[in-house]
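Chains as they are written, first to last, in my numbering: chain E, 1 to 106; chain F, 1001 to 1138. Where is the CB? At the ideal position from N, CA and C, for every residue including glycine.
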């Protein structure tokens, strides 16, 4: 199995970050404040999560006045989707090996 | 991409061997190592074990598992957890044309942590399901 896209995977391993990303994908651009209203965590925590998402290329920040607006960058997900697809390939290969093994077993 | 492709991997093959033989290949450590991965598996429900493969950059090569169902010569399932993502692997064996139909279903990709976000269970499966529409347009 090939490696999972590290930063991307780690940033999405956290359910709160996934939820934030999903909300941004669905609702379009949002401020930290708007995102915090839907989170069970504090505004600083939401900001921190957004920072992780930004470093993984999943969101883009735009400063407007005092507030920062965030938008989802869904294209950044492509490696993750590819990785999921690879599981299929992984199991097909392992099944080939299983059949090969059965041939050799008593 | 269809939901099946992202959520669940299903492989079904007829193998010209009795179920007992396939079962051995699925449950004996040394044999499992030969076709799948190094492991400390035991065919006992509740047994916790690890699959180990060559670490690569970004992945330690370890899969944490726990045996869920053991029905000799019929059904075997274990959890499959790696990099914060938990899923389930189920093998089903059925007699077929003098051999055995082996079915493997790897499903239920979800986070192994609880969500701290309001109003929904943001598991991996839902997440990926929701994003399929997004990703389909890429």
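Could you spell out where the beta strand (DSSP E) holding residue i opens and where it closes?
| i | result |
| --- | --- |
| residue 1080 of chain F | 1075-1082 |
| residue 1052 of chain F | 1048-1052 |
| residue 72 of chain E | 67-72 |
On the premise that residue j lies in contact with residue i, defined as a C-beta separation below 8 Å, what is that separation, rounded to the nearest angstrom?
| i | j | result |
| --- | --- | --- |
| residue 1096 of chain F | residue 1079 of chain F | The pair is not a contact, with the Cβ atoms about 27 Å apart (cut-off 8 Å). |
| residue 74 of chain E | residue 25 of chain E | 6 Å |
| residue 1043 of chain F | residue 1035 of chain F | No, residue 1043 of chain F and residue 1035 of chain F are not in contact; Cβ-Cβ is about 16 Å, not under 8 Å. |
Would you mind sorting residue i into buried or exposed? The rule is 16 or more other CB atoms within 10 Å of its CB.
| i | result |
| --- | --- |
| residue 49 of chain E | buried |
| residue 100 of chain E | exposed |
| residue 92 of chain E | exposed |
| residue 1106 of chain F | buried |
| residue 106 of chain E | exposed |
| residue 18 of chain E | buried |
| residue 56 of chain E | buried |
| residue 37 of chain E | exposed |
| residue 61 of chain E | exposed |
Where do the ends of the alpha helix (DSSP H) carrying residue i lie?
| i | result |
| --- | --- |
| residue 47 of chain E | 43-55 |
| residue 17 of chain E | 15-27 |
| residue 1030 of chain F | 1029-1035 |
| residue 40 of chain E | Here residue 40 of chain E belongs to no alpha helix (DSSP H), and DSSP marks it neither H nor E. |
Residue i to residue j, Cα distance in whole Å?
| i | j | result |
| --- | --- | --- |
| residue 1019 of chain F | residue 1011 of chain F | 17 Å |
| residue 15 of chain E | residue 104 of chain E | 45 Å |
| residue 1086 of chain F | residue 13 of chain E | 10 Å |
| residue 42 of chain E | residue 8 of chain E | 23 Å |
| residue 89 of chain E | residue 1082 of chain F | 17 Å |
| residue 1023 of chain F | residue 1045 of chain F | 15 Å |
| residue 98 of chain E | residue 1099 of chain F | 15 Å |
Checklist entry - Is the region 23-30 of chain E touching the region 64-72 of chain E, taking contact as three or more C-beta pairs under 8 Å? => result yes
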